[in-house]
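Following: one structure in structure tokens, then a few remarks.
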Amino acid sequence: DAGVIQSPRHEVTEMGQEVTLRCKPISGHNSLFWYRQTMMRGLELLIYFNNNVPIDDSGMPEDRFSAKMPNASFSTLKIQPSEPRDSAVYFCASSFVQETQYFGPGTRLLVL
Amino acid sequence: DQQVKQNSPSLSVQEGRISILNCDYTNSMFDYFLWYKKYPAEGPTFLISISSIKDKNEDGRFTVFLNKSAKHLSLHIVPSQPGDSAVYFCAASLLYNTDKLIFGTGTRLQVFP
Numbered sequence: 251d252a253g254v255i256q257s258p259r260h261e262v263t264e265m266g267q268e269v270t271l272r273c274k275p276i277s278g279h280n281s282l283f284w285y286r287q288t289m290m291r292g293l294e295l296l297i298y299f300n301n302n303v304p305i306d307d308s309g310m311p312e313d314r315f316s317a318k319m320p321n322a323s324f325s326t327l328k329i330q331p332s333e334p335r336d337s338a339v340y341f342c343a344s345s346f347v348q349e350t351q352y353f354g355p356g357t358r359l360l361v362l
Numbered sequence: 032d033q034q035v036k037q038n039s040p041s042l043s044v045q046e047g048r049i050s051i052l053n054c055d056y057t058n059s060m061f062d063y064f065l066w067y068k069k070y071p072a073e074g075p076t077f078l079i080s081i082s083s084i085k086d087k088n089e090d091g092r093f094t095v096f097l098n099k100s101a102k103h104l105s106l107h108i109v110p111s112q113p114g115d116s117a118v119y120f121c122a123a124s125l126l127y128n129t130d131k132l133i134f135g136t137g138t139r140l141q142v143f144p
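Those sequence lines, one after another, are chains L and F. The numbers in the first sequence follow the numbering used here, run straight up by one, and end at 362. The numbers in the second sequence follow the numbering used here, run straight up by one, and end at 144.
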């Protein structure tokens with residue numbers, strides 16, 4: 251299996267622009283997670299889905315962030331408008347429900 | 032408010048010696064704990080876990096110890112190898128909901144020859 255696939259791997263954008271991060275989970279997994287990594291806060295869970303349904307979005311920092319999972323093999327995390335403080339590494343992970351989470355390689359986002 | 036804390040941002044250990052990485056948590060409801068390892072430009076990978084019914088779990092060179100009364104866990108790596116150089120994240124959850132992991136800020140381990 252190819253593992254969790256994320257795109258793009260790197261994104262540089264200007265403040266105010268829309269950013270869309272993409273994730274393809276491991277085939278067969280029914281849980282999908284979005285995390286953000288910063289030096290100050292470590293790895294933070296933003297939102298997770300079970301069977302394509304959002305279960306907990308309490309980690310989403312504000313309304314500028316939104317996530318969708320239209321089907322079992324694709325999810326997006328969107329930031330609109332982006333701000334410099336959104337600069338971080340964003341990870342997607344997938345698993346079977348309540349099982350070990352497998353992380354993708356991450357998207358490094360820089361907002362200027 | 033960090034519920035899971037890794038107070039040492041970095042640790043340097045000589046090859047062959049023991050590496051001890053520490054983690055503290057504040058939420059007494061947590062009853063499942065994990066360690067993940069992360070190499071540069073890669074995502075974290077699961078290393079070892081422990082539930083609160085145990086105080087020790089061992090897997091090869093890696094052992095996790097849990098002290099519930101102190102709300103403290105530690106990861107021991109014996110013997111340390113250069114390939115163990117990575118960032119180690121501690122995470123905690125409720126046993127009935129291991130989907131919702133709360134991670135610490137990570138400790139960078141460097142093992143030198």
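Beta carbons: idealized from backbone N, C-alpha and C, even for Gly.
(1) Give the secondary structure of L:Arg-335 by DSSP, where H, G and I count as helix, E and B as strand, and everything else as coil.
(2) Assign L:Pro-320 to one of three DSSP states: helix, strand, or coil.
(3) Is the CB of L:Leu-295 under 8 angstroms away from at least one CB in chain F?
(4) Short check: CB of F:Asp-62 to CB of F:Leu-126, under 8 angstroms?
(5) Take every Cβ of the stretch 348-358 of chain L, pair it with every Cβ of the stretch 81-98 of chain F, and state whether three or more of those distances are shorter than 8 angstroms.
(6) Name the residue from F:His-103, F:Ser-83, F:Leu-65 whose alpha carbon lies nearest to the alpha carbon of F:Tyr-119.
(7) Determine which residues share a DSSP beta bridge with F:Arg-139 and list them.
(8) I believe F:Tyr-42 touches F:Thr-138 by the beta-carbon criterion, under 8 angstroms. Please report the beta-carbon distance rounded to the nearest angstrom.
(9) Indicate whether L:Phe-324 and L:Asn-280 have their beta-carbon atoms separated by less than 8 angstroms.
(10) Taking Cβ positions only, does L:Ser-257 come closer than 8 angstroms to chain F?
(11) Would you decide whether F:Tyr-70 is buried or exposed? Buried here means 16 or more other CB atoms lie within 10 Å of its CB.
(12) Taking only the alpha-carbon atoms, compute the straight-line gap between L:Asn-302 and F:Pro-110 and give it to the nearest angstrom.
(13) Starting from L:His-260, trace the beta strand (DSSP E) in both directions and tell me its first and last residue.
(14) Would you list, in chain order, the members of the stretch 114-134 of chain F that have their beta-carbon closer than 7 angstroms to a beta-carbon of chain L?
(15) Within 8 angstroms, do at least three Cβ pairs link the stretch 98-109 of chain F to the stretch 258-270 of chain L?
(16) List the DSSP bridge partners of F:Lys-85.
(17) Quick one: which chain F residues come within Cβ less than 7 angstroms of L:Thr-306?
(18) Below 7 angstroms on C-beta distance, what does L:Pro-311 contact in chain F?
(19) Got a sec: which bits of the stretch 70-88 of chain F sit with their beta carbon under 8 angstroms from any beta carbon on chain L, in order along the chain?
By the coordinates alone:
(1) helix
(2) strand
(3) yes
(4) yes
(5) no
(6) F:Leu-65
(7) F:Ser-41, F:Val-118
(8) Tyr is not the amino acid found at residue 42 of chain F; the sequence shown has Leu there. Yes, they are in contact, since the Cβ atoms of F:Leu-42 and F:Thr-138 sit about 6 angstroms apart, within 8 angstroms.
(9) no
(10) no
(11) exposed
(12) 43 angstroms
(13) 260-263
(14) Phe-120, Thr-129, Asp-130, Lys-131, Leu-132, Phe-134
(15) no
(16) Per DSSP, none; premise fails for F:Lys-85.
(17) The sequence as given places Asp at residue 306 of chain L; Thr does not occur at that position. Within chain F, the residues near L:Asp-306 are Lys-131.
(18) Residues of chain F passing the Cβ test: none, with the nearest at roughly 15 angstroms.
(19) Ala-72, Glu-73, Gly-74, Pro-75, Thr-76, Phe-77
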